[in-house]
Each structure stands twice: as structure tokens, then as C-alpha cells.
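One structure below.
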Amino acid sequence: MMEQRSRDPGAVRNPQNQYPSELMRRFELYFRGPSSSKPRVIREVRADSVGKLLTVRGIVTRVSEVKPRMVVATYTCDQCGAETYQPIQSPTFMPLIMCPSQECQTNRSG
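Reminder that position 13 of the sequence shown reads as 13 in UniProt numbering, one-by-one numbering, no gaps.
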């Protein structure tokens, strides 16, 4: 998936060269339990609580750092200026080495 950097603003965009859906999602979601429900101690959470929104009361005893994870890698070709998007589905991935744009494939320069 790639998009040519605005060389020709009037050009029609190829439907295959669109932004990945991961880049288009921008939202935040907040949950708040009903004010009538009283907080539970974690030891009181049982099987009947599965699938329900609970308010839990407790003390945090250990935390770990948040490790950011790449969702979409974006590359810009130095030769033709094409942007290439590579969705990442696993913790490890192989970065793109060659530019997949039509211009670089024809000239074998990317």
C-alpha cells in the first residue's frame, strides 16, 4: 500500500494504495460502572461475574512498564517519494528493503 507524495494533486488515487485501517482509527473509550454498584474486593470475583462490568477495589502491589508496539511501519522512498505502509501483525517483522512503487520497479532504482 503506498501513496505518491503530492507530485500531481489532480491525480486520481489508486484504490489499492490506501491508508491501512490501523492508521485511520482514532478514538478513546471510557467505561464507568453504574453508581449503584459497590466496589468488590478481588477475592469476591466469582464465575457469575464473567461478562459483566465490575468495580474492583484493591491495592496495586506491582507494575511493569508499558512496552510500545509498532502497528504500521511507514517508509518513504528517497528516489520516487512514494509512501509505503506495512501493517505489523506480530512482535517481530522484516522491514521492506526495496520500494514496491511502479516507478522504482520500472527503473529498478528503489
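Glycine included, every Cβ here is placed at the ideal spot set by N, Cα and C.
Quick caveat, the model's predicted, so the values are computed rather than measured.
N-terminal and C-terminal residue of the alpha helix (DSSP H) that residue i is part of
i, result
"T106", "Q102 to N107"
"L29", "Taken as a continuous stretch (DSSP letters only), L29 belongs to no alpha helix (DSSP H), as it is neither H nor E."
"S21", "S21 to M24"
Beta-carbon spacing of residue i, residue j below 7 Å
i, j, result
"Y85", "V72", "yes"
"P34", "R57", "no"
"residue 197", "S101", "Past the boundaries of the shown model lies residue 197; the chain is included only from 1 to 110, so the question cannot be answered."
"S37", "T55", "yes"
Whole-angstrom distance between residue j and residue i, CA atom to CA atom
i, j, result
"V41", "S21", "39 Å"
"P68", "P91", "10 Å"
"E3", "C80", "Bear in mind that the predicted position of E3 carries a pLDDT of just 46, short of 50, making it unreliable; the figure below should be weighed with that in mind. Their backbone Cα atoms lie some 11 Å apart in a straight line."
"C104", "L23", "25 Å"
"P87", "L29", "23 Å"
"Q18", "N107", "23 Å"
"R43", "S49", "12 Å"
"C99", "C77", "6 Å"
"F27", "T74", "21 Å"
Whole runs of the alpha helix (DSSP H) within the UniProt domain "MCM OB" (42-107), excluding any shorter than 4 residues: 102-107
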